[in-house]
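Visitor: Residue numbers (full-length UniProt numbering), protein chains in the order written: chain A, 1 to 333; chain B, 1 to 333; chain C, 1 to 233; chain D, 1 to 233. Virtual Cβ for every residue (Gly too), placed ideally from N, Cα, C. Note that the structure is predicted; figures quoted are calculated from it, not measured.
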Ligand SMILES: Nc1ncnc2c1ncn2[C@@H]1O[C@H](COP(=O)(O)OP(=O)(O)O)[C@@H](O)[C@H]1O
Ligand SMILES: Nc1ncnc2c1ncn2[C@@H]1O[C@H](COP(=O)(O)OP(=O)(O)O)[C@@H](O)[C@H]1O
Ligand SMILES: [Mg+2]
Ligand SMILES: [Mg+2]
Ligand SMILES: [Mg+2]
Ligand SMILES: [Mg+2]
């Protein structure tokens, strides 16, 4: 295992210290338990939006903490959901009296830990709600699975709901908006390589030179199918088609296209893939009105990509365009 | 070789098409020859700042085109400097009558091609100057080398000089400022893995599981020394010490610390390394007043990092903080 | 003689040792059909339990179990954290303020623990989770209890307690059954947790959580036997 | 009979073939002490030269050389683009408007080309660059010229031209010397170009640009021999 780290056991805390040093005006970082909050929290009278999950997906979530997006993030151990105390600590740091919305990606561990935290917070009298995002079309949502995973759509949800909270939309409004985003966003991912969790020391899976893995999540877990590697046209088609069919997206729909790198895929390839996706969508008459291209929800150094498509309405566009100032996403501020 | 591409021969053009699709309001992209210019170029009465170099270092340079930074970038083939016609085409697209400053990284190919372009442009009557950046302390600057390479300092130079041009500083002023940045910036890089150029198909170098390469450039070329891999403390120290000695930086100096990923190093590791660098600098009494952390000048999917330190003065700080709106660097706009 | 506070602490010490010894095995199992963290999560959790126990003065088995529960919840994370946390919490509630646990109380605590896991995680037998180890263990423990009770009723003429040396037998039965149950997950297709995303590809692998549950029960059984002065069987 | 426009075009066609055949070798050499693009850069450049030549009507060797120069400059990039571009540009200027090149003109064009490379790149013999192939080639070509002139002066009593069949001999001598010169770069430590960053580690490798220069001259020599009706030696 080759990593720029000192000790696998302290990677998350060591990294958070670096993040604190890098963004002194923007963030307030604690490591026991690990919480990254915006420096000016709590913001009185504003719904606080809190998310969290395993580390290793950076910049998600801590890179999205700041005005116009998250009030706090709870980074767990690498690929391990955070514990309830972290979530509780985050909630108590950022609750500005207008309630707290927890954004939870649909994984058993995340759901259980956030649920426990919400129970504990409710017992203390806070108005804490949670929404569970499950946008990954690679997983069949049925009685026979833990349901679809939360992946790329999370980034879009956090931006849009964060902007609404910033405009003092109340907790009911934020929750309803979050559910509308969840209902309208779909994603699918693929990998060319696995990735190595520091405390494991070996790749979670390995692919031969001529193989790719389709339908992966974001935890280095194997995907739904292993198949011969294809060129960019083939890969993008395999990601986009199930996404389009699932909602389904229709001719004339307006959309936000998010082309995401799993971490190790260079920007030159990502833009290339993005261009293909734009062309395929144009052919179907889907109007891409906003886009995001880059590594925003990753699996450590994994090479691969995901495509997320969000069906837009006017309110979502306005909220997407609203100012945001975080370590990883910033505009208008 | 595993890459999300269609054909090694068309990677750069295919990627530029995706970039154009991703940033329709911001960029105007042509592929014959390859030029990425800001959509509103030429801006009358403003010095135009133009850079370029081989592709594969994304977001450098095309990701820095936009208000407050570059007016145009000329992307060459992967790791190959652009040709004079590209530079000429860029110059003629963005020359707003106040002259053009070419930012050239010090590599034989880049210098020769930009020189030829400048000669041709001068023959057509334009006021075209060039500055050559050579901030890499890994290379001895002597009669026996091609001189130091231009690496991470380029990003800082392009931001600061771009901001000056935006404020209508004239060509003499921009050139002098660029030279001041060059005189005050130093960098050093390292790699844990090589990278694979699409038209080559194999890594430019390979390192064993227990090896690292110190003093690399940004073209996947082997570095100055191969040695046993070390932990993050050791790596950061090996990068920072030669940087500090070279200028030299002294106690009380104000600095911008730029912790850069070579592409494949995850953000969790990069922030960790950044934290160590901040600590080491604090121990030496160097005041880090601005920072940049992320993959901004890369070598495809290479795992590794570089550290760049710029000695700041008030003017540089003000220009660094000035609004910028590009694909990869954006604030205040 | 039943199972006293220090016996419970000793048993948890043994659990910590066993989990640490098997950390890499659990990591590898979780790499195959999950995300590779289960061994590290469990190790981190029980190591934290050990330092918490070292720092605390506790006077009932219930208090020990409760501290274990809250520590696991706040340090393990992932799916296993809340599930094992709930298990220990329910076990703590089941044993109440008793200062020494009878075999019957141990079996009841096991049942409560397993029911807690099911309540939280909604998994059924056959879903390829730790429940596949825990549920058979509970049944085996109760059968062992009933056997022991019947035996002592027959021989000693209606003693009210199943006897302290019933605890090793109950836990040994539980551990045996948990191991069989864990093995039974190999051919299954997962329907809960992260492995369910793999669909058919999850078949052919041992479930890491079922394996850790079996290891945990085996450690408890070993500790109980040792406390009762027993040797390796 | 000298070297006419179509001979120059045929020679460049041969260069294109040879470069394409050796693309991977040049890439590999450049991977070892550079950035791995030299073979691909040269291939792309000469392929572009071919299509430009196909699309153009050119009536002098100089015009062909000039088009080659501008095409290489605008398609090769890297260090090699401007260097080879300058070489062909200087060669074009050296031959002027002549419609057929004598051996003497070929040798003079080679000298001009080499001087152009040195003027642009400032490399000296021993710096481990293409100059290590080109400079010996120029000297060998001039010696061959002088020998041929002396020979024809002795035998034919002072013919003013060294003769068309001098061209193959001049280019063969240049190619031979270039190959030796290229090989001589192996032990050298680079002092120019990208390989110089490697310091001592650049020793022990053949310089890619020196190799491509030797290949180019060999292709020209082969083409000239073929044009003169010669067979493989
Ligand atoms: N819904 C559930 N009910 C019971 N056990 C479950 C459930 N989901 C997962 N598990 C257990 O948790 C184990 C995985 O734990 P762990 O790897 O620590 O968490 P994560 O899956 O979040 O990485 C699985 O092997 C399985 O036994
Ligand atoms: N200053 C120079 N003078 C002469 N030749 C040079 C000089 N610098 C580099 N070269 C030649 O260029 C070759 C490399 O060309 P190429 O790989 O195409 O360019 P780059 O180094 O920009 O990638 C070297 O092998 C060397 O022969
Ligand atoms: Mg996990
Ligand atoms: Mg090159
Ligand atoms: Mg796991
Ligand atoms: Mg090269």
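Smallest Cα separation from residue 136 of chain D: which of D/107, D/181 and D/81?
Guide: Taking the first residue of the fourth chain as 1, we reach residue 136 of chain D at position 136. The candidate whose alpha carbon is nearest that of residue 136 of chain D is D/181.
Visitor: Whole angstroms is fine: what's the gap from residue 68 of chain B's alpha carbon to residue 160 of chain B's?
Guide: As a position in the second chain, residue 68 of chain B is number 68, starting the count at 1. As a position in the second chain, residue 160 of chain B is number 160, starting the count at 1. Their Cα atoms are separated by approximately 8 Å.
Visitor: What would DSSP say about residue 186 of chain D, mapped onto helix, strand or coil?
Guide: Sequence index remark: in the fourth chain, residue 186 of chain D carries index 186 (1-based). Residue 186 of chain D falls in the coil class under three-state DSSP.
Visitor: From residue 23 of chain C to residue 43 of chain C, what does the alpha carbon distance come to, in whole angstroms?
Guide: As a first step, residue 23 of chain C is located in the third chain; it is residue number 23 there, counting from the start. As a first step, residue 43 of chain C is located in the third chain; it is residue number 43 there, counting from the start. In a straight line, the C-alpha of residue 23 of chain C is about 6 Å away from that of residue 43 of chain C.
Visitor: Using the DSSP secondary-structure output, state which residues sit across from residue 225 of chain B in a beta bridge.
Guide: As a working mapping, residue 225 of chain B is identified with position 225 in the second chain. Note: residue 225 of chain B sits in a beta bridge opposite B/214.
Visitor: Using a Cβ-Cβ cut-off of less than 7 Å, list which residues of the segment 5-25 of chain B approach chain A; keep chain order.
Guide: Taking 7 Å as the Cβ-Cβ cut-off against chain A, the residues of the segment 5-25 of chain B that qualify are 5, 6, 11, 14, 15, 17, 18, 19, 21 and 22.
Visitor: Given that residue 81 of chain A touches chain C, what residues does it touch there, using C-beta distances under 7 Å?
Guide: What you label residue 81 of chain A is simply residue 81 of the first chain in a count that begins at 1. The contacting residues are 77 and 78.
Visitor: Please state whether DSSP places residue 163 of chain C in a helix, a strand or coil.
Guide: Numbered from 1 along the third chain, position 163 holds the residue referred to as residue 163 of chain C. Low local confidence applies: a pLDDT of 46 at residue 163 of chain C is under 50, so the model's placement there is unreliable, with the coordinate-based value given in what follows. The answer is coil: DSSP assigns residue 163 of chain C none of H, G, I, E or B.
Visitor: Relative to ligand 3, is the shortest distance from any of its heavy atoms to the C-beta of residue 80 of chain A smaller than 7 Å?
Guide: The count along the first chain starts at 1 and reaches residue 80 of chain A at position 80. Yes - ligand 3 has a heavy atom lying nearer than 7 Å to the Cβ of residue 80 of chain A.
Visitor: Report the residue ranges of all beta strand (DSSP E) runs contained in full by the segment 17-99 of chain B; include only those spanning at least 3 residues, in chain order.
Guide: For the segment 17-99 of chain B, whole beta strand (DSSP E) runs of length 3 or above, ordered along the chain, are 27-31, 34-38, 48-55 and 72-78.
Visitor: Let me know the secondary structure DSSP gives residue 233 of chain C once reduced to three states.
Guide: Taking the first residue of the third chain as 1, we reach residue 233 of chain C at position 233. Low per-residue confidence applies at residue 233 of chain C: pLDDT is 48, beneath 50, and the placement is therefore not dependable, though the value from the model is reported in the following sentence. Three-state DSSP puts residue 233 of chain C in coil, outside helix and strand.
Visitor: Are the segment 92-109 of chain D and the segment 103-116 of chain B touching by the rule of at least three beta carbon pairs closer than 8 Å?
Guide: Contact between the segment 92-109 of chain D and the segment 103-116 of chain B is absent, because fewer than three Cβ pairs lie under 8 Å.
Visitor: Got a sec? Which residues, its chain only, sit under 6 Å from residue 220 of chain D by beta carbon, not counting five neighbours each side?
Guide: Position 220 of the fourth chain, counting from 1, holds the residue named residue 220 of chain D. Cβ within range, chain order: 11 and 171.
Visitor: Figure out for me which residue from D/41, D/32 and D/74 has the closest Cα to the Cα of residue 52 of chain D.
Guide: Along the fourth chain, read from residue 1 onward, the residue named residue 52 of chain D stands at position 52. Cα-wise, what sits closest to residue 52 of chain D is D/74.
Visitor: Taking any Cβ of chain A, which residues in the segment 172-205 of chain C have a Cβ under 7 Å from it, in chain order?
Guide: Cβ contacts with chain A come from 191, 192, 193, 194, 196, 197, 198, 199 and 201.
Visitor: For the segment 168-180 of chain B against the segment 310-321 of chain A, are there 3 or more C-beta pairs whose distance is under 8 Å?
Guide: They do not touch, by the three-pair rule.
Visitor: Return yes when the Cβ of residue 207 of chain B is within less than 8 Å of the Cβ of residue 236 of chain B, no when it is not.
Guide: Numbered from its first residue, the second chain carries residue 236 of chain B at position 236. Numbered from its first residue, the second chain carries residue 207 of chain B at position 207. Contact flag unset, no.
Visitor: Would you say the beta carbon of residue 197 of chain C comes nearer than 7 Å to a heavy atom of ligand 1?
Guide: On the third chain, position 197 is the one that residue 197 of chain C refers to. Checking the Cβ of residue 197 of chain C against ligand 1 gives no.
Visitor: Grouping DSSP H, G and I as helix and E and B as strand, with all else coil, what is residue 235 of chain B?
Guide: Residue mapping note: residue 235 of chain B aligns to position 235 of the second chain, counting from 1. In this structure, residue 235 of chain B counts as helix in the three-state DSSP scheme.
Visitor: Could you please tell me which residues of the segment 146-157 of chain A, in chain order, have their CB closer than 7 Å to any CB of chain C?
Guide: Going along the segment 146-157 of chain A in chain order, one finds 146 and 149 with a Cβ nearer than 7 Å to chain C.
Visitor: For residue 331 of chain B, which residues does DSSP report across the bridge?
Guide: Counting from 1 along the second chain, the entry for residue 331 of chain B is found at position 331. Answer is B/324, bridged to residue 331 of chain B.
Visitor: If contacts are defined as beta-carbon pairs under 8 Å, then residue 53 of chain A and residue 95 of chain A qualify, I think. What distance do you get, rounded to the angstrom?
Guide: As a position in the first chain, residue 53 of chain A is number 53, starting the count at 1. As a position in the first chain, residue 95 of chain A is number 95, starting the count at 1. At roughly 20 Å, the Cβ-Cβ gap does not stay under 8 Å, so residue 53 of chain A and residue 95 of chain A are not in contact.
Visitor: So which residues on chain A does residue 229 of chain B lean against when the C-beta distance must stay under 7 Å?
Guide: Residue numbering aside, residue 229 of chain B sits at position 229 when the second chain is read from its first letter. By Cβ distance, chain A contributes 2.
Visitor: In whole angstroms, give me the CA-to-CA distance for residue 69 of chain C and residue 204 of chain C.
Guide: Within the third chain, numbered from 1, the residue matching residue 69 of chain C stands at position 69. Within the third chain, numbered from 1, the residue matching residue 204 of chain C stands at position 204. Their backbone Cα atoms lie some 32 Å apart in a straight line.
Visitor: Identify, in the order they occur along the chain, each residue of the same chain with its Cβ nearer than 8 Å to the Cβ of residue 122 of chain B, setting aside the five sequence neighbours on each side.
Guide: Counted from its first residue, the second chain places residue 122 of chain B at position 122. 128, listed in sequence order.
Visitor: If residue 50 of chain A and residue 91 of chain A are in contact, beta carbons under 8 Å, what's the gap, nearest whole angstrom?
Guide: Indexing the first chain from 1 puts residue 50 of chain A at position 50. Indexing the first chain from 1 puts residue 91 of chain A at position 91. With a Cβ gap of about 6 Å, residue 50 of chain A and residue 91 of chain A count as contacting.
Visitor: In terms of alpha-carbon separation, which member of A/219, A/13, A/296 and A/111 lies closest to residue 146 of chain A?
Guide: Locating residue 146 of chain A in the first chain gives position 146, where the first residue counts as 1. Among A/219, A/13, A/296 and A/111, the Cα nearest to that of residue 146 of chain A belongs to A/111.
Visitor: Does at least one heavy atom of ligand 5 sit under 7 Å from the Cβ of residue 38 of chain C?
Guide: For the purposes of this step, residue 38 of chain C is taken as the residue at position 38 of the third chain. Yes; taking the cut-off as 7 Å, the Cβ of residue 38 of chain C has a heavy atom of ligand 5 nearer than that.
Visitor: Can you pull the chain B neighbours of residue 152 of chain D, defined as C-beta to C-beta under 7 Å?
Guide: Numbered from 1 along the fourth chain, position 152 holds the residue referred to as residue 152 of chain D. Ordered by position in chain B, no residue passes the 7 Å Cβ test against residue 152 of chain D, which lies about 41 Å from the chain.
Visitor: Relative to the C-alpha of residue 177 of chain C, which candidate in C/130, C/37 and C/202 has its C-alpha closest?
Guide: Along the third chain, read from residue 1 onward, the residue named residue 177 of chain C stands at position 177. Comparing Cα positions, the closest option is C/130.
Visitor: Please confirm whether residue 330 of chain B has its beta-carbon closer than 8 Å to some beta-carbon of chain D.
Guide: Position 330 of the second chain holds residue 330 of chain B. No - not a single Cβ of chain D is within 8 Å of the one on residue 330 of chain B.
Visitor: Comparing the CB of residue 117 of chain C with every heavy atom of ligand 1, is any distance shorter than 7 Å?
Guide: The count along the third chain starts at 1 and reaches residue 117 of chain C at position 117. Yes, since a heavy atom of ligand 1 falls inside the 7 Å radius drawn around the Cβ of residue 117 of chain C.
Visitor: Assign residue 143 of chain B to buried or exposed, taking buried as 16 or more other Cβ atoms, counted over all protein chains shown, within 10 Å of its Cβ.
Guide: By one-based count along the second chain, residue 143 of chain B stands at place 143. Per the 10 Å Cβ criterion, exposed.
Visitor: For the segment 209-226 of chain B, enumerate the residues whose C-beta is nearer than 7 Å to any C-beta of chain D, in chain order.
Guide: Residues passing the 7 Å Cβ filter: 217, 219, 220, 221, 222 and 224.
Visitor: Across the segment 219-228 of chain A and the segment 3-12 of chain B, are there enough close Cβ pairs to call them in contact, namely three or more that are closer than 8 Å?
Guide: Segments in contact, no.
Visitor: Does residue 34 of chain D come within less than 8 Å of chain B when only Cβ atoms are used?
Guide: Indexing the fourth chain from 1 puts residue 34 of chain D at position 34. It does; some Cβ of chain B falls within 8 Å.
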